[in-house]
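To start, the structure under review is shown below, and the notes come after it.
Protein chains: 2
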Amino acid sequence: MDHITIKTLAKKLGISTSTISRAFNGSTDINKDTRDRILDYAKKHNFLPNHYASNLRDKKSKTLAVIVPEIVNDFFAQAINGIEEVARKKGFYILLYRTDDVFEKEVSFVNYLNNGKADGIIMSVSGEANDHNYMRALAQKNIPVVFFDRVYEDIDVSKVTTNDYEASFEATEHLIHTGCKRIAYLVVNKSISIGKVRMQGYVDALEKHGIAFDDDLVIDCSQDEKINYSIIKQVLEDIKPDGIFSSVERLAFATLSVCNDMNIAIPNDLKIVSFSSLQIAPLLNPPLSTVTQPAYEMGIKAATLLFDALEKKGQVVPRKHIVLKSKLFIRKSSGG
Amino acid sequence: MDHITIKTLAKKLGISTSTISRAFNGSTDINKDTRDRILDYAKKHNFLPNHYASNLRDKKSKTLAVIVPEIVNDFFAQAINGIEEVARKKGFYILLYRTDDVFEKEVSFVNYLNNGKADGIIMSVSGEANDHNYMRALAQKNIPVVFFDRVYEDIDVSKVTTNDYEASFEATEHLIHTGCKRIAYLVVNKSISIGKVRMQGYVDALEKHGIAFDDDLVIDCSQDEKINYSIIKQVLEDIKPDGIFSSVERLAFATLSVCNDMNIAIPNDLKIVSFSSLQIAPLLNPPLSTVTQPAYEMGIKAATLLFDALEKKGQVVPRKHIVLKSKLFIRKSSGG
DNA sequence: TTGTACGCGTTATCAT
DNA sequence: ATGATAACGCGTACAA
Chain Z
1 MDHITIKTLA KKLGISTSTI SRAFNGSTDI NKDTRDRILD YAKKHNFLPN HYASNLRDKK
61 SKTLAVIVPE IVNDFFAQAI NGIEEVARKK GFYILLYRTD DVFEKEVSFV NYLNNGKADG
121 IIMSVSGEAN DHNYMRALAQ KNIPVVFFDR VYEDIDVSKV TTNDYEASFE ATEHLIHTGC
181 KRIAYLVVNK SISIGKVRMQ GYVDALEKHG IAFDDDLVID CSQDEKINYS IIKQVLEDIK
241 PDGIFSSVER LAFATLSVCN DMNIAIPNDL KIVSFSSLQI APLLNPPLST VTQPAYEMGI
301 KAATLLFDAL EKKGQVVPRK HIVLKSKLFI RKSSGG
Chain G
1001 MDHITIKTLA KKLGISTSTI SRAFNGSTDI NKDTRDRILD YAKKHNFLPN HYASNLRDKK
1061 SKTLAVIVPE IVNDFFAQAI NGIEEVARKK GFYILLYRTD DVFEKEVSFV NYLNNGKADG
1121 IIMSVSGEAN DHNYMRALAQ KNIPVVFFDR VYEDIDVSKV TTNDYEASFE ATEHLIHTGC
1181 KRIAYLVVNK SISIGKVRMQ GYVDALEKHG IAFDDDLVID CSQDEKINYS IIKQVLEDIK
1241 PDGIFSSVER LAFATLSVCN DMNIAIPNDL KIVSFSSLQI APLLNPPLST VTQPAYEMGI
1301 KAATLLFDAL EKKGQVVPRK HIVLKSKLFI RKSSGG
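Residue numbers (this note's numbering), protein chains in the order written: chain Z, 1 to 336; chain G, 1001 to 1336.
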């Protein structure tokens, strides 16, 4: 028995294919005995209806596409966990795609998804401020999308973000309270998405406390670890900030490395707070003060929003924007 | 133009569906001009052949299933990166599934994959020593499988692992060289897969150096963080080992936490080495000595093996078992 | 080089 | 409660 289909099954059992189909779809229009007979036989022979044939019939792939910049990052890993949790309950599976923050990869994958491969998409965008028309094509095909954390403002879909502005304000203010006068802001791209909003919180906190904003203290970093290391090293040597507010976990790690190598004492010589969802932040040397986003909950919410849209397909579903709260954990790196 | 198919496209362009199909499949049997005309029109209207219909036709889903115990773990995250890297080059996509080390989830997902949803499967097994017949069903359907890191010995598929025995031996020996006399072995399940092999390396290293094996020093932990914390705390209080060899990263983190809380000085009072692919291990307090597996390479190899099998479908492909080398990084937690 | 026509495996509709 | 059948969108053998 090489290749079982409901057709061959039907022949073997002397029933019609429709009845077989009904057995698998929990139809009530079927005798319990025949159903059991079918299911038993199927289980014994390891048969399951072909997913692609079903999908071709009813245009439901039971698949969610998840697009994230990276996976080796507790924030995204936890968010994926949240998404998967919800998806699993709904009997959905997850197609994962990693963009490495490369815009072209994002575009290519989104275009690919245009063909109905997934019923919906949850994504944290690569963040480039380019032409976003490839996103609009999805709307035409009625494929719902939910952004989380990093969003495109000009695309009208549901979104799940955190109170980045307030959290950044609070983090910066905390550094000021501990006595910092020259706080550097580490960012990968200050002109887009989260980099921009978080910077505004930083800027406004400075202003509130009468500290002049200094453009030299805004440190634009890259995706490359080694380059970041040199950039930060140079900053610590030349500009000598007494505080660091990092909008991205990775840059805080680089800072810790540099400090290790340069023997800069944290928190005495330099205080650090960073956005980070790293679970072992308390185990770092020194324990890292973090603005921690509720990554897992964000995943849950994003998936929930997506299923809301999915279940009301055809109807006009109002976009929602859910804003969750981050939490500031003050640890030793900022004098806690 | 709500719903485009190659049929509607054919009508619009006044060509037949076969020609359209040819245009998309890079057939040479087609005039370059017609091809361009078709592709241009398609791109303009955002058309892509329906993936499910194609798959139904030629039984190629261009999808790989990846099954891992967890995602919030640099080892698995990096391995997934490696897998994705290869898959991407081959034009494949990844269906991700997380088992949380729950055997039933693994079985359920594997059974689901039986229906041709994915062309192949790469997995790190949940590790329970149960009946593995659900795995055999895949072989019948000609769906190739590759195990990585955690494998079932009794299932005949290609495997990618690391030299766990030697690495464990070396790590334990290192602890002995630093003066440890009472080395505890932390493990989640000492009777299966990696837990077992790594323990053997530990046991043999003790023996080589004339240290009596003490069953009380083998600490069986759980999946639950809080329980692990209490277990380890109790061990440090009562059994008072002077060295810890942790077969799993998570347990090393728990140990660090306990030591923090109990004011146990590492490495003076206690030395630690752990299996871990954590990239920021050097930034921990103290920097953690690790046995680091080449996670990314393992992903690459596993995916490569899978494609080998995939590309020789039908033929008998000999199973391969690739063993990569882990690297011992001696850091301060073990006196480095 | 292009077109015709069938079938991939399933499910919904309509009968019975 | 069950069966016959058409249709989902595509690719390919075959014919032209």
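Just so it is clear, CB atoms sit at the ideal spot from N, CA and C, and this is done for glycine as well.
What you are looking at is a predicted structure, and each value in this text was computed from that prediction instead of being measured.
Of all residues in the segment 1068-1098 of chain G, those with a C-beta nearer than 8 Å to a C-beta of chain Z are I1071, V1072, N1073, D1074, A1077, Q1078, I1080, N1081, E1084, Y1093, I1094, L1095, L1096, Y1097, R1098, reading in chain order. Counting C-beta pairs with one atom in each stretch, the segment 61-68 of chain Z and the segment 1064-1075 of chain G have fewer than three that are closer than 8 Å, which means they do not touch. Listed along chain G are N1115, G1116, each with a C-beta nearer than 7 Å to that of Z:N50. Taking the C-beta atoms as reference points, Z:N111 is found nearer than 8 Å to Z:Y134. Identification of chain Z residues near G:P1241 by a Cβ-Cβ cut-off of 9 Å yields none; the smallest Cβ-Cβ distance measures about 20 Å. Along the segment 112-146 of chain Z, going in chain order, the ones with a CB nearer than 8 Å to a CB of chain G are Y112, N114, N115, G116, K117, A137, Q140, K141.
As DSSP reads the structure, Z:R57 sits in no beta bridge. One alpha carbon belongs to Z:K327, the other to Z:D36, and they sit about 52 Å apart.
Around the beta carbon of Z:K271, 16 or more other beta carbons sit within 10 angstroms, so the residue counts as buried. Listed along chain G are L1056, each with a C-beta nearer than 7 Å to that of Z:A53.
Z:T161 carries a strand assignment under DSSP once its states are collapsed to helix, strand and coil.
Look at the beta carbons and you see the segment 1154-1171 of chain G not touching the segment 1085-1094 of chain G: under three pairs across the two are nearer than 8 Å.
Here Z:V323 is near Z:T161, since their CB atoms are less than 8 Å apart. Close to G:P1286, with beta-carbon spacing below 9 Å, are these residues of chain Z in chain order: N285.
Taking 8 Å as the threshold, the shortest C-beta distance from Z:S222 to chain G does not fall below it. Rounded to whole angstroms, the Cβ separation of G:L1009 and G:A1042 is 7 Å, and the two are in contact under 8 Å. At least one CB atom of chain Z sits nearer than 8 Å to the CB of G:S1257.
Out of Z:F47, Z:I300, Z:L256, Z:M298, the CA that lies nearest to the CA of Z:S334 is found in Z:L256. Boundaries around Z:D220 are those of the beta strand (DSSP E), 218-220, since no alpha helix (DSSP H) includes it. With fewer than 16 other Cβ atoms inside 10 Å of its own Cβ, G:S1016 counts as exposed. If you draw a straight line from the Cα of Z:V145 to the Cα of Z:V187, it is about 27 Å long. Taken through DSSP and simplified to helix, strand or coil, Z:T19 comes out as helix.
By DSSP's assignment, Z:G120 forms a beta bridge with Z:L64. Look at G:A1079 here: in three-state DSSP terms it is helix. Counting only runs of at least 4 residues, the segment 1221-1247 of chain G fully encloses the following alpha helix (DSSP H) elements, listed from N- to C-terminal order: 1225-1234. Between the segment 1116-1126 of chain G and the segment 1273-1292 of chain G there are fewer than three inter-stretch CB-CB distances shorter than 8 Å, so the stretches are not counted as touching.
By the Cβ neighbour-count rule, Z:V316 is exposed, with fewer than 16 other Cβ atoms within 10 Å of its own. Burial state of G:K1044 is exposed, judged by a 10 Å Cβ sphere holding fewer than 16 other Cβ atoms. Relative to G:G1195, the option among G:Y1152, G:K1312, G:L1206 whose CA is nearest is G:Y1152. In the DSSP annotation of this structure, Z:T28 is not part of any alpha helix (DSSP H), being labelled neither H nor E. Here G:A1295 really is in contact with G:A1079; their C-beta atoms are around 5 Å apart, less than 8 Å.
For Z:V145, the secondary structure class from DSSP, reduced to helix, strand or coil, is strand. Unbroken alpha helix (DSSP H) runs of no fewer than 4 residues, entirely contained in the segment 1174-1225 of chain G, are found at 1193-1208, following chain order. If you check the CB distance, Z:I6 and Z:S21 come in under 8 Å. The beta-carbon separation of Z:G299 and Z:G82, rounded to 2 Å, stays under the 8 Å limit for a contact. About 7 Å separates the CB atoms of G:G1127 and G:D1101; that is less than 8 Å, so the two are in contact.
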